[in-house]
Amino acid sequence: MHSLIYDFSTGILEDSEKKIGLIKRTIADTIDIYENKDVTTEKGKELAYFVQSHDPQPNIEGALQFGTSNLLPGDINGEFYMTKGHTHEIENRAEYYFGIKGNGLLLLMDENRNTKIEEVHSNSLHYIEGYVAHRLVNIGDTTLVVGACWNADAGHNYDAISEDGFSVRIMKSDNELGYEIRRGK
Ligand code: F6R
Ligand code: MN
């Protein structure tokens, strides 16, 4: 019998039919998003995050996709590890994120580059409206694990973010929060 298991305490997806996708991104794959891109070749080879996903009806209008993002802890020259960030290719497609483990921030930037920041932690729930660019930042010292559910036909558009970035950057700090919000572009 087909079994599809989601462990709600770890975010791990398991499918007896092995139809779980896996995307891995190294520091080098994502280095362009950081303000100071100065890293060694060795550092570039390290894993920044991986995403497991279940996509039984790829690109079908009305279908859903489900996944877990695992963002490692660390920083690049004082800027916390983060996902590339994107809007959806079909821009009106919304998405839910939910926190499973670790401590992070979700950056939500609208079309006018106004950014809202939500704290991500175990049991936090986040509704991402269509047209809104979204990025996870790991501000903790353990892997940030975040579940997500979105439209299977949404797609990803990385272009605008890779060109203009977000309007804020999350930097390491000695203050009581451990991070500081800085203006981006
Ligand atoms: C799907 C979604 C997440 C991200 C994942 C990696 O629409 O938002 O599954 O794809 O967190 O982030 P990116 O895609 O920005 O590298
Ligand atoms: Mn998305």
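So that you can map any letter, position 134 of the sequence shown is 328 in the numbering used here, and since no number is skipped, the others follow by simple counting. Backbone N, C-alpha and C fix where the C-beta goes; we use that ideal spot for every residue, glycine too.
Distance cut-off 7 Å: residue i Cβ against heavy atoms of the ligand F6R
i, result
"Lys278", "yes"
"Gly261", "yes"
"Ala348", "yes"
"Val245", "yes"
"Leu139", "Lying before the first or after the last residue shown, residue 139 is absent from the chain, which here runs from 195 to 379."
"Glu289", "yes"
"Ala342", "yes"
"Arg376", "no"
"Arg363", "no"
Those residues which DSSP pairs with residue i across a bridge
i, result
"Gln259", "Trp344"
"Ile355", "DSSP output for Ile355 lists no bridge partner at all."
"Phe360", "Looking at the DSSP assignment, Phe360 forms no beta bridge with any residue, so it has no partner."
"Asn332", "Gly298"
"Leu198", "Asp209"
"Thr220", "Leu241"
"Ala327", "Met303"
Closest by C-alpha distance to residue i, when choosing among the options
i, options, result
"Gly334", "Ser361, Ala346, Met365 and Lys310", "Met365"
"Ala346", "Glu357, Leu207 and His282", "His282"
"Ile217", "Asn264, Trp344 and Glu285", "Asn264"
"Lys295", "Gly268, Leu302 and Thr336", "Thr336"
"Gly256", "Ser361, Asp358, Trp344 and Ser367", "Trp344"
"Asn332", "Ala348, Pro267, Lys379 and Thr204", "Pro267"
"Arg329", "Asp249, Met276 and Asn253", "Met276"
"Lys231", "His248, Leu207, Asn253 and Phe274", "Phe274"
Near the ligand MN: residue i beta-carbon under 7 Å from a heavy atom
i, result
"Thr305", "The sequence given here has Glu at residue 305, not Thr. It does not: the Cβ of Glu305 is nowhere closer than 7 Å to a heavy atom of the ligand MN."
"His248", "no"
"His196", "no"
"His282", "yes"
Cβ shell of residue i (< 7 Å), same chain only, five flanking positions each side left out
i, result
"Glu305", "Tyr325"
"Val233", "Ile221, Ile225 and Ile270"
"Gly293", "Val314, His315, Ser316, Asn317, Ser318 and Val340"
"Met303", "Thr309, Val326, Ala327, Phe360 and Ser361"
"Gly272", "Met365 and Lys366"
Own chain, CB closer than 8 Å to residue i, minus 5 neighbours either side, in chain order
i, result
"Asn351", "His280, Thr281, His282, Glu283 and Glu285"
Close beta carbons around residue i, own chain, < 6 Å, minus the five adjacent residues each side
i, result
"Phe244", "Lys218 and Asn264"
"Leu198", "Asp209"
- Message: Would the region 312 to 328 count as touching the region 231 to 247 if we require 3 or more Cβ pairs under 8 Å?
- Response: no
- Could you tell me whether the region 288 to 297 touches the region 305 to 322, using the rule of 3 or more Cβ pairs below 8 Å? yes
- Query: Are there three or more Cβ pairs, one per stretch, closer than 8 Å when the region 255 to 275 is compared with the region 204 to 221?
  - Reply: yes
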